[in-house]
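Shown next, in structure tokens, is the structure this report addresses.
Number of protein chains: 2
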Amino acid sequence: MGEEEFLAGYDARDYPAVAVTVDVVALTIRAGRLCVLLVERGEHPFAGHRALPGGFVRPDETLDAAALRELTEETGLGVLERAHLEQLKTYGDPGRDPRMRVLSVAYLAFAPSLPEARAGGDASAAYWVPVEEASGLAFDHGAVLADGLDRARAKLEYTPLATAFVEREFTIGELRQVYAAVWGEELHAGNFHRKVLSVPGFVESTGGTTAKGGERGGPRAKLYRAGDARLLHPALLRPAREDGIR
Amino acid sequence: MGEEEFLAGYDARDYPAVAVTVDVVALTIRAGRLCVLLVERGEHPFAGHRALPGGFVRPDETLDAAALRELTEETGLGVLERAHLEQLKTYGDPGRDPRMRVLSVAYLAFAPSLPEARAGGDASAAYWVPVEEASGLAFDHGAVLADGLDRARAKLEYTPLATAFVEREFTIGELRQVYAAVWGEELHAGNFHRKVLSVPGFVESTGGTTAKGGERGGPRAKLYRAGDARLLHPALLRPAREDGIR
DNA sequence: GCAATAGTGTCTTTGAGACACTATAGG
DNA sequence: CCTATAGTGTCTCAAAGACACTATTGC
């Protein structure tokens with residue numbers, strides 16, 4: 001039997017049906033707090049529960065495209081030009097969805113601060129929630145969120161992705177607040193400042209400064225934009241916590 | 001409509017069928033070279049081509065279990081007690097499989113040196129191939145392998161997973177050869193030795209030594225086993241290569 | 001003036017890497 | 001004896017972090 005002949009006699013229905021969804025852990029910083037985009041589900045299962053935005057992958061749509069579409073439906077356009085989107089992990093335990101075997105390909109997104117989310121798709125509402133308050137999620141989305149946070153915290157160390165959380169032009173202080181919000185710990189302002197500028201390609205000066213000083217006083221800060229580095233060398237390491245190592 | 005009622009009226013066939021496979025990038029070190037497990041496909045599509053071992057996920061089987069099963073079929077038992085297995089990435093572009101929409105959840109495995117592989121499943125042959133010689137793979141397995149190698153090289157830096165490539169008791173020299181094979185560059189023996197012993201929890205002494213010296217002379221080396229660290233602090237960083245950063 | 005922030009100077013400690021060296025084995 | 005490897009000593013340089021300090025702004 002040749003390959004052509006084989007393919008002609010092939011029936012997709014011979015295989016057990018599995019549905020595929022994408023779910024997005026979309027993170028942003030609002031008022032100095034790390035927030036995740038959640039939707040209130042308007043349909044069964046888990047109607048009325050909070051969940052990560054997501055939905056079924058359409059035929060002939062790549063996984064990346066599906067994730068981008070789901071994110072757009074809840075946040076509006078505009079964001080996506082500057083947001084970072086990457087695949088996180090796939091969750092496929094039998095029974096994680098009561099309907100049938102559903103595979104969820106989770107994505108992780110970093111977005112600059114956005115005004116407000118909007119409902120879209122099968123969600124009856126969508127809003128940003130501080131990550132500490134995001135509990136009781138539908139399906140296994142609690143575990144997905146936890147994995148996404150781990151990944152995000154680690155990626156700030158060795159990639160310049162913190163710049164995906166701020167506007168196109170930003171100050172070193174704003175960048176420091178991103179790190180503080182994601183890592184959940186304060187960073188020494190002086191050392192952070194010097195460190196960021198010392199990493200080749202992390203940020204580049206625009207030459208400008210902010211129009212005003214800080215809200216509670218202080219000099220005008222210089223403005224920077226993201227540099228061309230894809231990895232930070234040397235990395236910005238978190239202080240090693242004894243737990244997590246063993 | 002309540003949730004019970006909703007589920008009763010739900011028909012899985014309403015959704016487009018997607019098949020799910022797991023494919024495993026299984027790595028080991030043989031004769032100082034990093035090798036990947038490949039199978040010769042006995043069935044269409046790509047019959048006669050080399051590919052990563054893998055197959056369809058069975059109903060009610062977790063993804064992890066499917067990956068473990070596929071690995072076992074080609075390598076025999078015994079390995080698995082000591083092998084490391086982790087999810088790598090999911091590949092789902094429409095058209096990556098000519099039969100139908102197939103989602104491949106790729107896994108990455110590290111195994112100690114094994115005698116020989118064996119055919120199993122729908123493979124007509126299975127063997128270890130040095131990674132530089134693993135070209136022309138079926139489907140998008142070339143890209144999967146490349147992603148797996150990237151992940152493996154990065155993980156040696158900040159995790160003790162190099163110990164998954166060696167026997168339960170090993171010498172520092174053997175560990176160094178793992179790093180050299182995976183990274184493709186020689187490491188300074190003296191500095192590596194001191195560095196490994198200085199990282200808390202990386203290795204712990206067994207008290208014993210090898211029975212004989214090296215094949216070409218040299219003193220008997222002390223034996224170690226893997227320690228209890230899950231992350232290396234400080235990490236064993238590769239020398240920063242200018243390419244790859246920008 | 002006072003408080004808060006931007007940005008710099010400097011010192012200490014740690015770690016990476018280069019190099020040299022000794023000791024121990026096989027052939 | 002020769003060679004290869006195990007393991008250690010030591011020096012230099014880079015980087016992290018602590019601390020101090022100046023300068024500039026809003027109130």
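Top to bottom, those sequences are chains H and C. UniProt numbering numbers the first residue of the first sequence as 1 and each following residue consecutively. UniProt numbering numbers the first residue of the second sequence as 1 and each following residue consecutively. Note that the Cβ used here is the ideal one computed from N, Cα and C, for glycine as well.
Nearest to residue i by alpha carbon, out of the options?
i	options	result
VAL20/C	ARG50/C, GLY48/C, GLU40/C, ASP64/C	ASP64/C
PHE170/C	GLY148/C, ARG118/C, ALA211/C, GLU61/C	ALA211/C
THR62/C	GLN87/C, GLY214/C, GLY218/C, HIS233/C	GLN87/C
ALA17/H	PRO219/H, MET100/H, GLY214/H, TYR127/H	MET100/H
GLY48/C	ALA126/C, VAL25/C, LEU68/C	ALA126/C
VAL25/H	LEU156/H, GLU116/H, PHE56/H, HIS84/H	HIS84/H
ASP147/C	ARG168/C, VAL57/C, TYR107/C, PRO160/C	TYR107/C
LEU156/H	ARG168/H, ALA180/H, GLY142/H	ALA180/H
THR116/C	ARG30/C, GLU40/C, GLY217/C, ARG216/C	At residue 116/C the sequence reads Glu, which differs from the Thr that was named. For the residues ARG30/C, GLU40/C, GLY217/C, ARG216/C, the minimum Cα distance to GLU116/C belongs to ARG30/C.
residue 247/C	GLY142/C, LEU68/C, HIS188/C	Shown here, chain C extends from 1 to 246; a query on residue 247/C therefore has no answer.
PRO112/C	ARG69/C, PRO160/C, ARG168/C	ARG168/C
Residue i and residue j: beta carbons closer than 8 angstroms?
i	j	result
ARG82/C	ALA164/C	yes
VAL199/H	LEU175/H	no
ASP60/C	PRO94/H	yes
TYR224/C	THR209/C	no
LEU71/H	ALA123/H	no
GLY54/H	GLN177/H	no
LEU34/C	VAL166/C	no
GLU185/C	ARG118/C	no
ILE172/H	ALA221/H	yes
Using a Cβ-Cβ cutoff of less than 6 angstroms, which residues in the same chain neighbour residue i once the five nearest sequence positions on both sides are dropped?
i	result
LEU137/C	ARG50, ALA51
GLY227/C	GLY201, PHE202, VAL203, GLU204
GLY92/H	LEU103
ALA240/H	none
Pop quiz: residue i and residue j are said to be a contact at Cβ under 8 angstroms. What is the actual Cβ separation, rounded to whole angstroms?
i	j	result
VAL129/H	LEU38/H	5 angstroms
PHE139/C	PHE46/C	7 angstroms
VAL102/H	THR90/H	That belief does not hold up - the Cβ atoms of VAL102/H and THR90/H are roughly 11 angstroms apart, past 8 angstroms.
THR28/H	LEU114/H	6 angstroms
ARG58/C	ALA67/C	Contact flag wrong, Cβ pair sits at about 12 angstroms.
Excluding sequence positions up to five away, which residues of its chain have a Cβ less than 8 angstroms from the Cβ of residue i?
i	result
LEU153/C	Before going further, note that residue 153/C is Arg rather than Leu in the sequence given. If we look at ARG153/C and ignore the five residues flanking it on each side, its Cβ neighbours are VAL182, TRP183, ARG238.
LEU7/H	Residue confidence for LEU7/H is low, a pLDDT of 41 falling below 50, so the modelled location carries little weight and cannot support an answer.
ALA12/H	Confidence at ALA12/H is low in this model, with a pLDDT of 43, below 50, so its placement is unreliable and no value can be given for it.
ARG151/H	LEU88, LEU108
ALA189/H	GLY173, ARG176
In chain order, what residues of the same chain lie with their CB nearer than 7 angstroms to the CB of residue i, ignoring the 5 residues before and after it?
i	result
TYR158/C	LEU231, LEU232, ALA235
PRO98/H	PRO45
ALA134/C	VAL36, LEU38, LEU145
ARG194/C	none
GLY213/C	PRO219, ARG220
LEU187/C	ARG176, TYR179, ALA180
Subject >> Within the segment 113-187 of chain H, ranges of the beta strand (DSSP E) (whole runs, at least 3 residues) >> reply: For the segment 113-187 of chain H, whole beta strand (DSSP E) runs of length 3 or above, ordered along the chain, are 123-130.
Original post:
In chain order, which continuous runs of the alpha helix (DSSP H) of length 4 or greater are located wholly inside the segment 36-91 of chain H?
Top reply: 63-75, 79-82
Subject >> Residue ranges of each beta strand (DSSP E) within the segment 184-228 of chain H, 3 or longer >> reply: Counting whole runs of 3 or more residues, the segment 184-228 of chain H contains the beta strand (DSSP E) stretches 203-209, 222-226.
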